[in-house]
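Asks:
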Amino acid sequence: MAKDLTYTNGVIAAREKYLLKDKISRLCEGGAEEALRALTESGFGKGVEVASVYGYEKLVVADERDIDGFIREYAPSDTELQYFLAPRDFHNAKALLKAHFLGLDKQSLLAPDGLVSADFIAERIALGKYDGLDKFLAEALAEGAALFSEDGSPDLSGAETGAIFDKALFKRLSESCRKDKTLKILVRTKADMTNILTALRSASAEYASKFYLSGGKLDEKQLSKLFSENADEAEHALDGTEYTEFLKLCLADRAAGLPFTRAERLQESYEANYLAANKYELEKNRPFLYYVFRRRAENADVRILFACLLAGMKETDIKKRLRSTGDKWKAVN
107 MAKDLTYTNG VIAAREKYLL KDKISRLCEG GAEEALRALT ESGFGKGVEV ASVYGYEKLV
167 VADERDIDGF IREYAPSDTE LQYFLAPRDF HNAKALLKAH FLGLDKQSLL APDGLVSADF
227 IAERIALGKY DGLDKFLAEA LAEGAALFSE DGSPDLSGAE TGAIFDKALF KRLSESCRKD
287 KTLKILVRTK ADMTNILTAL RSASAEYASK FYLSGGKLDE KQLSKLFSEN ADEAEHALDG
347 TEYTEFLKLC LADRAAGLPF TRAERLQESY EANYLAANKY ELEKNRPFLY YVFRRRAENA
407 DVRILFACLL AGMKETDIKK RLRSTGDKWK AVN
């Protein structure tokens with residue numbers, strides 16, 4: 107059932123004053139104790155008490171639960187619920203499948219519930235029957251279970267199992283978001299960026315194809331050019347697409363012997379940055395999306411902030427790692 111967007115936008119306007127915004131950047135200038143005190147005094151963590159700075163994760167978890175509650179109560183339609191919460195189902199299904207076949211502690215592997223409770227997914231896995239679940243999730247579980255049954259212990263990296271659930275998730279998101287212009291763009295871009303990074307990490311096009319995500323603009327033929335033995339051809343493989351600059355960034359870091367950290371950060375920040383580029387022209391469901399993206403990005407930044415402060419890193423180095431102050435890139439969609 108569609109929600110009253112006018113009312114929801116009013117709720118968002120009232121809650122926006124609690125966003126951290128540039129406070130995160132300022133917190134990089136002091137120590138961990140000072141940052142913790144400033145956050146708790148501003149209401150971050152919803153009143154949860156922690157004994158020391160090493161308990162900062164409890165604050166983030168509490169804030170994430172609050173975001174989940176907001177999503178469930180105010181999502182304009184089922185489409186937004188699917189986009190924000192379906193990934194949890196696929197994560198938990200993968201974790202529970204591994205726990206079932208490998209005898210692992212499932213609680214340490216689980217994320218908060220998505221659209222389906224983890225207990226229900228675990229029950230379906232134990233029975234080997236996946237009725238009652240979304241068709242894409244059910245198919246992924248059946249395929250994953252068959253993989254475990256064939257040799258009892260899939261590759262230790264989990265890459266093969268992960269690929270099954272990642273592919274299924276993007277099929278699910280592509281289908282559920284196909285009628286929403288904004289979310290369709292975001293799914294498409296995330297798929298393309300992931301496929302580019304996968305290709306650059308792979309030894310061959312054949313290996314990369316195992317992990318290819320559907321829903322993007324770039325097909326496997328275009329991505330295969332990244333494996334060309336001609337360096338110039340590989341460098342210009344995506345010329346004429348919106349990913350020209352993104353690829354240049356990736357190749358520059360690879361040439362310098364660096365991990366793709368900058369590209370990964372751009373990928374993780376893309377949703378909020380995409381809407382921020384037109385934040386004064388937000389309409390329909392975009393205010394809701396922008397608010398949730400910002401809060402999730404801020405939680406990621408709080409984690410980065412404390413990890414870096416506790417490691418004794420310099421202010422400038424911390425700021426480079428934050429989603430809110432790092433590199434920005436906007437695909438042309």
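In short: position in the sequence shown from 1, add 106, done, that's this note's numbering.
For each residue, glycine too, the CB sits at the ideal point set by N, CA and C.
Note that the structure is predicted; figures quoted are calculated from it, not measured.
#1: In chain order, what residues of the same chain lie with their CB nearer than 7 Å to the CB of residue 393, ignoring the 5 residues before and after it?
#2: Report yes or no: do three or more beta-carbon pairs, one from the region 353-365 and one from the region 378-396, lie closer than 8 Å?
#3: If residue 217 sits next to residue 211, beta carbons under 8 Å apart, how far is it from one beta carbon to the other, in whole angstroms?
#4: Can you tell me whether residue 325 is buried or exposed? The criterion is at least 16 other CB atoms within 10 Å of its CB, across all chains shown.
#5: Return the chain-ordered list of same chain residues with a C-beta closer than 7 Å to the C-beta of residue 292, the five sequence neighbours on each side being excluded.
#6: Ignore the nearest five residues each way along the sequence and tell me which others in residue 74's own chain have a CB closer than 7 Å to its CB.
#7: Going by beta carbon distance, what residues of the same chain come within less than 6 Å of residue 401, once the five residues before and after it are set aside?
#8: If distances are taken between C-alpha atoms only, which option among 158, 163, 157 and 322 comes closest to residue 151?
#9: Which residues in the same chain as residue 184 place their Cβ atom closer than 8 Å to its Cβ, once the five residues preceding and following it in sequence are excluded?
#10: What is the DSSP secondary structure of residue 269, counted as helix, strand or coil?
#11: Out of 348, 208, 278 and 126, which one is the CA nearest neighbour of residue 239?
#12: Taking the alpha-carbon of residue 330 as reference, which of 337, 194 and 311 has the nearest alpha-carbon?
#13: Taking the alpha carbon of residue 126 as the reference point, which residue from 144, 110 and 159 has its own alpha carbon closest?
#14: First and last residue of the alpha helix (DSSP H) that includes residue 396?
#15: Given a cut-off of 7 Å, decide if residue 391 and residue 193 are closer than it, judged by their beta-carbon atoms.
#16: Taking the Cβ atom as the reference point for each residue, do residue 332 and residue 297 lie within a distance shorter than 7 Å?
#17: Is the beta carbon of residue 406 closer than 7 Å to that of residue 371?
#18: Could you give the distance in angstroms between the alpha-carbon of residue 267 and the alpha-carbon of residue 140?
#19: Span of the alpha helix (DSSP H) holding residue 213?
Replies: On the basis of the coordinates in this document:
#1: Same-chain partners within the cutoff: 115 and 118.
#2: Contact check between the region 353-365 and the region 378-396: fewer than three CB pairs, one atom from each, fall below 8 Å, which does not count as touching.
#3: 15 Å between Cβ atoms; not a contact.
#4: Here residue 325 is exposed, its C-beta having fewer than 16 other C-beta atoms within 10 Å.
#5: Closer than 7 Å at Cβ, skipping near neighbours: 377 and 380.
#6: Residue coverage of the chain in this structure runs from 107 to 439, which leaves residue 74 outside it and unanswerable.
#7: Excluding positions up to five away in sequence, the list reads 173.
#8: Closest by alpha carbon: 163.
#9: These residues qualify, in order along the chain: 282.
#10: Residue 269 sits in a helix when the DSSP states are folded into three classes.
#11: Among 348, 208, 278 and 126, the Cα nearest to that of residue 239 belongs to 278.
#12: Taking each of 337, 194 and 311 in turn and checking the Cα distance to residue 330, the smallest one comes out for 311.
#13: Of the candidates 144, 110 and 159, the one whose C-alpha sits nearest the C-alpha of residue 126 is 144.
#14: 392-416 is the span of the alpha helix (DSSP H), which, as asked, contains residue 396.
#15: Between residue 193 and residue 391, the CB-CB gap reaches or exceeds 7 Å.
#16: Cβ distance not < 7 Å, so residue 332 and residue 297 don't count as in contact.
#17: Not closer than 7 Å, so no.
#18: When rounded, the distance between both Cα atoms is 42 Å.
#19: Boundaries cannot be given for residue 213, as no alpha helix (DSSP H) includes it and DSSP labels it neither H nor E.
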